[in-house]
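Top line first, the protein sequences correspond to chains A and B.
FYI, the numbering for the first sequence is 1 to 217, going by the numbering used here.
FYI, the numbering for the second sequence is 1 to 217, going by the numbering used here.
Report on one structure; see the data block that follows.
There are 2 protein chains.
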Amino acid sequence: MRVGELSRRSGVSLASIKYYLREGLLPPGERTSPNQATYDEGHVHRLRMVRALIDVGGLTVAATRDVLAAVDDPEVPLYVALGRASGTTMDPGDQDETQDETWAAAERTLAAAVDERGWAVSDENPAWHTAVGVLATYARLGDDDLSAQLGLYMRAMEEVAEREVAAVVDRGDRARTVEGVVVGTVLGDTLLAAVRRLAQQHCSLRLLGETPLRPRG
Amino acid sequence: MRVGELSRRSGVSLASIKYYLREGLLPPGERTSPNQATYDEGHVHRLRMVRALIDVGGLTVAATRDVLAAVDDPEVPLYVALGRASGTTMDPGDQDETQDETWAAAERTLAAAVDERGWAVSDENPAWHTAVGVLATYARLGDDDLSAQLGLYMRAMEEVAEREVAAVVDRGDRARTVEGVVVGTVLGDTLLAAVRRLAQQHCSLRLLGETPLRPRG
C-alpha cells in the first residue's frame with residue numbers, strides 16, 4: 001500500500017509517519033521509484049505498537065526506539081530493554097552527585113530485600129538503578145514508608161511477573177514472544193498505576209470515610 | 001533565606017526556581033523589597049517534592065501542579081488528584097474516536113472485574129478512563145493477555161493500597177497525610193515498575209533460561 005493508505009489504516013498522520021521513519025521507529029517501505037515506497041501489514045502493526053507505547057505507555061520517542069530495537073535484535077537481552085522502557089528514567093547526569101551515603105543505604109536496602117526473596121538479578125539491569133533512586137529520593141524527603149513497602153511490592157510483582165512470563169513462553173516465535181512481553185510490560189505499567197488508584201479510592205472510602213464524587217452506574 | 005541560599009539548599013537552579021514560581025508550583029516568598037523576597041524551610045521542602053515528582057515520578061510540570069493543588073486544597077478529593085498524577089495520561093483529544101465497540105467492550109471488562117472484587121469506585125476517577133484505554137489499546141493490537149491479568153493486578157494492588165492507606169491514616173495532620181499519599185503514590189509507580197522488571201529478570205531466568213549479563217555482587 002502507499003503511504004496515504006498506511007496513514008488511513010493505522011490512524012497515524014503522514015507527518016508522524018515521516019518522523020517515525022526518520023527516527024528509525026518504522027522500517028522503510030520497499031522503494032518503487034525515487035519518490036515512492038510501498039508498505040505492508042507489518043508496517044500497520046508496527047505503527048499501532050509505536051502509538052501504544054508512546055500514547056498509552058507514556059514512553060519517549062527515544063525509549064520507544066530502544067524497546068523496538070530489542071524486538072528486532074535477538075542479541076539484546078530482553079531485561080535490559082525492559083529496564084530502559086519505563087515512562088521515566090533517572091537522569092544519568094545526576095548519578096555522580098547522588099552517590100552519597102543516602103544512596104548507598106538505599107542500595108543496601110534493595111540488595112537485602114532481593115537476597116531475602118532469593119531473586120537472581122543483576123545490578124546492570126537499568127531497573128536496579130531506578131529502584132535505588134526512588135528509595136534514596138524518598139529517604140531524602142524525610143520518609144521511609146517506601147522501604148517498608150518494598151517487600152510487599154516485590155511479592156506482588158513476582159506473582160504478576162511469574163504469570164506474565166509463563167503466558168508468553170509458549171508463543172514459539174521469538175519476535176512474537178518479545179513483542180508480547182514488551183507491549184504487555186509497558187502498557188501493564190500504565191494499567192497497574194490506574195488499577196492502584198482505583199484500589200486507593202476503594203480503600204480510602206473504607207478506611208478514611210472519603211466519598212466518591214458519584215458512584216459508578 | 002534569600003533565593004540564592006534556597007537554590008543551594010535544595011539543589012535546584014535559580015532558573016528552575018523562577019520557572020516554578022511563575023508556574024505556581026512553588027508559593028511566592030515573603031517580599032522584603034520590590035526586587036527581593038525571603039524563603040523558609042517550607043520552600044526547601046516543596047522544591048524537593050517538586051523535583052521528586054518530576055525527576056523520579058516522571059510527571060509533567062502541569063501534572064505536578066495538579067497534584068500539589070490537592071496537597072494545598074482540602075476541597076479536591078484525593079483520588080481525583082491521584083488519578084491525574086500518572087506519568088502518562090490518555091490524550092483527551094483522542095477520546096471521541098476511541099469510543100467505539102472495542103472501547104465499550106473494554107469498559108464492560110473493567111466494570112465486571114470491579115464488581116466481582118466489590119470495589120466502590122467512580123467512573124469519574126480519571127484512572128477509570130486510563131484503565132479502559134489500556135485494555136482497549138491492547139485489544140486493538142490483537143491481544144487480550146492484559147484482560148486476563150486484570151484480576152491479578154487488582155488483587156495485588158488492593159493489597160498494596162490497603163497497607164499504604166492504613167499507613168498514612170494516623171499521621172493526623174491532613175496536609176502531611178495528603179503529601180505522604182501523593183509522594184508515595186507517584187514515586188511508588190516508578191518503584192513498582194522497576195521492581196516488576198527485576199521480577200521479570202528473575203522469572204525469565206527461571207522459566208526461559210535467560211542469563212544475566214553479570215550476576216550482582
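Don't be surprised by glycine CBs; every beta carbon is placed ideally from N, CA and C.
Which residues mark the beginning and the end of the alpha helix (DSSP H) in which A/T60 is found? Run containing A/T60: none; DSSP gives neither H nor E here.
Report the rounded CA-to-CA distance for B/Y19 versus A/V160, giving the unit in angstroms. 40 Å
A/A113 burial status per 10 Å Cβ neighbour count (16 or more: buried): buried
Go through its chain and collect everything with a Cβ distance to A/V44's Cβ below 7 Å, but skip five positions before and after it. L6, R9 and S10
Sequence-distant residues of its chain with Cβ nearer than 7 Å to A/V56 (five each side left out): L187 and T190
Is A/T32 buried or exposed, if buried means 16 or more other CB atoms sit within 10 Å of its CB? exposed
Heavy atom of the ligand ZN within 6 Å of B/T177 beta-carbon: What this structure holds is no ligand at all, so the ligand ZN is not there to describe.
Taking CB distances under 7 Å as the criterion, tell me whether A/S204 reaches chain B. yes
From A/D91 to B/T109, what does the alpha carbon distance come to, in whole angstroms? With a pLDDT of 47 at A/D91, under the threshold of 50, the modelled position of that residue is not reliable, and no figure is offered here.
For B/E116 and B/N125, I'd like the C-alpha separation in whole angstroms. 19 Å
Rounded to the nearest angstrom, what separates A/A106 and A/G118 at their Cα positions? 18 Å
Tell whether a beta-carbon distance below 7 Å holds between A/V67 and A/V165. no
From what residue to what residue does the beta strand (DSSP E) around A/S33 run? E30 to S33
Spell out whether any CB of chain A is found under 7 Å from the CB atom of B/Q200. yes
Span separating the alpha-carbon of A/A63 from that of B/E30: 42 Å
Would A/L141 count as contacting chain E if we go by Cβ distances under 7 Å? No chain E is part of this structure, whose protein chains are labelled A and B.
Exposure label - A/A258; buried when at least 16 CB within 10 Å: Residue 258 of chain A lies beyond the residue range present for chain A, which begins at 1 and ends at 217; the question has no answer from this structure.
Residue from B/C203, B/T137 and B/E162 whose Cα sits closest to the Cα of A/G184: B/T137
Between B/W103 and B/V134, what straight-line distance do the alpha-carbon atoms span, to the nearest angstrom? 10 Å
Do A/V121 and B/H202 have their C-beta atoms closer together than 7 Å? yes
Taking only runs of the beta strand (DSSP E) that begin and end inside the stretch 114–149 of chain A, which ones reach a length of at least 3 residues, in chain order? none
Please identify the residue among A/A148, A/G24, A/G42 and A/R2 whose C-alpha is closest to the C-alpha of A/N220. Since the displayed chain A opens at 1 and closes at 217, residue 220 of chain A lies outside it and no answer follows.
Name the chain A residues that come within less than 9 Å of B/L192, Cβ to Cβ? Y153, A156, M157, D189, L192, A193 and R196
Should B/E75 be labelled buried (16 or more other beta-carbon atoms within 10 Å of its own) or exposed? exposed
Is the beta carbon of B/R163 closer than 7 Å to that of A/L152? yes
Is DSSP giving A/Q99 helix, strand or coil here? coil
Can you find a CB in chain A that lies within less than 7 Å of the CB of B/Y20? no
So with CB distances below 8 Å, who are the chain A contacts of B/L6? What B/L6 touches in chain A: nothing, since even the nearest Cβ is about 16 Å away.
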